[in-house]
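Novice: There's a structure below that I have some questions on.
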């Protein structure tokens, strides 16, 4: 693992790192904020934040406003990239923003040529947590997961599949049912193929219907001025699935907020408090 | 004035605007955060934040982490650009980062070809405050000024020259004595010419020596891991000038912090509290 930069911020250390990923077969870059409590030798809770379409680690690192509250509460904050990258990594043939580079959708692709590098599920579920545990002062038994939009989809599907690994769960404006919306149709067809039965493991609403349960309750914030609300995000489908399954879902429709980091940064403190209280 | 974007954030509105400036003879872009208290019809205090070399309004708008505390305290936060811009605006002949575009140094240039558009002093002292007062719910009698690096220089020189207009004053890692450091030599020679007597009006340490006084006390934060500390910033010169003049200067050397927005965002809350308490 290579350190690209470290900077003191809010009493802790904001770093950016790169490593060779065995999951993706590429270099992967991610950021980690280590709060000041680490100086005392403590093993701290860790929150994985999965970003949305077009993002790298840098978007939330620059605009997420998580450092002050993570420093207050003693939470390590990890922000990975959203896809493999590199000259030999296949991209959307038309260069679209919603597939390929910056749009890995947190699945292991089986369709060529994407199957070669697009293994973001394994990367987030296995490789990155192990790497973080090896190099940073975290307690792997106290890990939570969150994310935004496509990253909210990733957080929900990983949290529902591995409640033993991700003990707390939240999302900002997540894609809750990729099997039922255009972004998801395109991504799951392109990465997993036409057999929709294979999509269910990557659809939070389907996972719940199939009996998967999170480690505990779930927090979701969603802006009601989000232009993707009704066609791509559909929190109503998660509400219905959670209610039918008896999952304790706090779903908050935030008046006037859009899909941007202005929305995310406004509610970041609430989410970090949510995770810290459960880890 | 044209609205380029507005987004709800922390209960208020983060906007980006453009207007035709009579001072610079160019279009100028700036951002304004209006906190939620404006909804009650109040006229609010306003803080002008001047950015450093290479920046536009966007750097602090994205990375400054000012919205939460500005929303809490009811402060309007204004972030202008650092120079005129446009196809007919002269730049550094070599395209250097520290002169020309992105480096207006908050002076009215008299040297050709810069004299035509580089009139950032008039823009910040007169035109922008009047525009803000005309279009936003501020009380012009409750205006403060701050800034970073070159923008800290601008805040100090404007605050010392117009204590009646800027009632509170602070700076992050400011250039305190441009007449004595390389960035300042280059900029003041290029914009004002070789006659150093004309530089004194744009050098905070010289202004203090010449009898100028701020409206009240001054807060300056400076990282001790800032790579520009000893050659370009020289807070020791401001300390000496303030002490000799009996100016109440709170100068804090912050251990481990560099020159970046990680430093600025860490101490932004303290600065907004400082201004709010004095406005």
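Residue numbers (this note's numbering), protein chains in the order written: chain P, 58 to 336; chain V, 58 to 336. We treat Cβ as the ideally placed atom computed from N, Cα and C, and that holds for glycine.
In this structure, does DSSP put residue 278(P) in helix, strand or coil?
Specialist: In the structure shown, residue 278(P) adopts extended strand secondary structure according to DSSP, grouped into three states.
Novice: Just to confirm the assignment, what range does the alpha helix (DSSP H) spanning residue 262(P) have?
Specialist: 261-266
Novice: Could you tell me the boundaries of the alpha helix (DSSP H) in which residue 216(P) lies?
Specialist: 207-218
Novice: Spatial neighbours of residue 170(P) within its chain, please: C-beta separation below 7 Å, excluding the five flanking residues on both sides.
Specialist: Cβ neighbours of residue 170(P) beyond the five flanking positions: 147.
Novice: At which residue ranges does the segment 152-215 of chain V contain complete beta strand (DSSP E) runs of 3 or more residues, listed in the order of the chain?
Specialist: 195-204
Novice: Which partner residues does residue 86(V) have in the DSSP bridge list?
Specialist: Bridge partners of residue 86(V) according to DSSP: 75(V).
Novice: Compare the C-beta of residue 309(V) against all C-beta atoms of chain P and say whether one is closer than 9 Å.
Specialist: no
Novice: Should residue 243(P) be flagged as near chain V, meaning a C-beta pair shorter than 9 Å?
Specialist: no
Novice: Please report how far the alpha carbon of residue 105(V) lies from the alpha carbon of residue 131(V), in whole angstroms.
Specialist: 14 Å
Novice: Go ahead and label residue 283(P) buried or exposed: buried means 16 or more other beta carbons lie within 10 angstroms of its beta carbon, across all protein chains shown.
Specialist: Counting C-beta atoms within 10 angstroms of its own C-beta, residue 283(P) has 16 or more neighbours from the protein chains shown and is therefore classed as buried.
Novice: Cutting at 6 Å between CB atoms, please list the residues of its own chain near residue 126(P), excluding the five before and the five after it.
Specialist: 326, 329
Novice: Confirm, please, whether the CB-CB distance from residue 227(V) to residue 331(V) is below 9 Å.
Specialist: yes
Novice: Assign residue 117(P) to one of three DSSP states: helix, strand, or coil.
Specialist: helix
Novice: Under 9 Å, do residue 184(V) and residue 80(V) count as touching if we go by C-beta distance?
Specialist: yes
Novice: Hey, could you find the ends of the beta strand (DSSP E) residue 326(V) is sitting in?
Specialist: Run containing residue 326(V): none in the beta strand (DSSP E); it sits in the alpha helix (DSSP H), 318-335.
Novice: If we call anything under 9 Å between Cβ atoms a contact, is residue 62(V) one with residue 136(V)?
Specialist: One thing to note: residue 62(V) has its Cβ no nearer than 9 Å to the Cβ of residue 136(V).
Novice: Report buried or exposed for residue 207(P), applying the criterion of at least 16 other Cβ atoms within 10 angstroms of its Cβ.
Specialist: buried
Novice: Using CA atoms only, rank isn't needed, just tell me which of 69(V), 70(V), 84(V) is closest to residue 76(V).
Specialist: 84(V)
Novice: Of all the residues that make up the segment 66-95 of chain P, which are near chain V by a beta-carbon distance shorter than 8 Å?
Specialist: 66, 67, 68, 71
Novice: Could you list which residues in chain P have their beta carbon closer than 9 Å to that of residue 315(V), in chain order?
Specialist: Neighbours of residue 315(V) on chain P, chain order: 64, 65.
Novice: Can at least three beta-carbon pairs, one atom from the segment 227-245 of chain V and one from the segment 290-297 of chain V, be found at a separation below 8 Å?
Specialist: yes
Novice: Any idea if residue 124(P) is buried or exposed, counting beta-carbon neighbours within 10 angstroms, 16 or more meaning buried?
Specialist: buried
Novice: According to DSSP, is residue 107(V) helix, strand or coil?
Specialist: strand
Novice: With DSSP as the reference, identify every bridge partner of residue 311(P), one or two as the case may be.
Specialist: 280(P)
Novice: Do we get a CB-CB distance below 9 Å when we pair residue 106(P) with the residues of chain V?
Specialist: no
Novice: Please identify the residue among 334(V), 324(V), 336(V), 319(V) whose C-alpha is closest to the C-alpha of residue 116(V).
Specialist: 319(V)
Novice: State the DSSP-derived secondary structure class of residue 254(P), mapped to helix, strand or coil.
Specialist: Here residue 254(P) sits in helix by DSSP.
Novice: Note down, in chain order, every chain P residue with its Cβ under 7 Å from the Cβ of residue 323(V).
Specialist: 66, 67
Novice: Please confirm whether residue 97(P) has its beta-carbon closer than 9 Å to some beta-carbon of chain V.
Specialist: no
Novice: Would you give the residue range spanned by the alpha helix (DSSP H) that residue 295(P) belongs to?
Specialist: 292-302
Novice: Grab me the residues of residue 274(V)'s own chain with a C-beta within less than 6 Å of its C-beta, minus the 5 sequence neighbours each way, in chain order.
Specialist: 305
Novice: Please tell me whether residue 330(V) has its Cβ less than 9 Å away from any Cβ of chain P.
Specialist: no
Novice: Out of curiosity, what's the CA-to-CA distance linking residue 142(V) and residue 336(P)?
Specialist: 50 Å
Novice: Looking at C-alpha atoms only, which residue of 92(V), 86(V), 78(V), 74(V) is the closest neighbour of residue 66(V)?
Specialist: The shortest C-alpha separation from residue 66(V) is found at 92(V).
Novice: Closer than 8 Å, Cβ to Cβ, to anything on chain V: give me those residues from the segment 104-136 of chain P, in chain order.
Specialist: 119, 120, 122, 124, 125
Novice: Just checking my contact of residue 165(P) with residue 179(P) at CB under 8 Å: how many whole Å lie between their CB atoms?
Specialist: 6 Å
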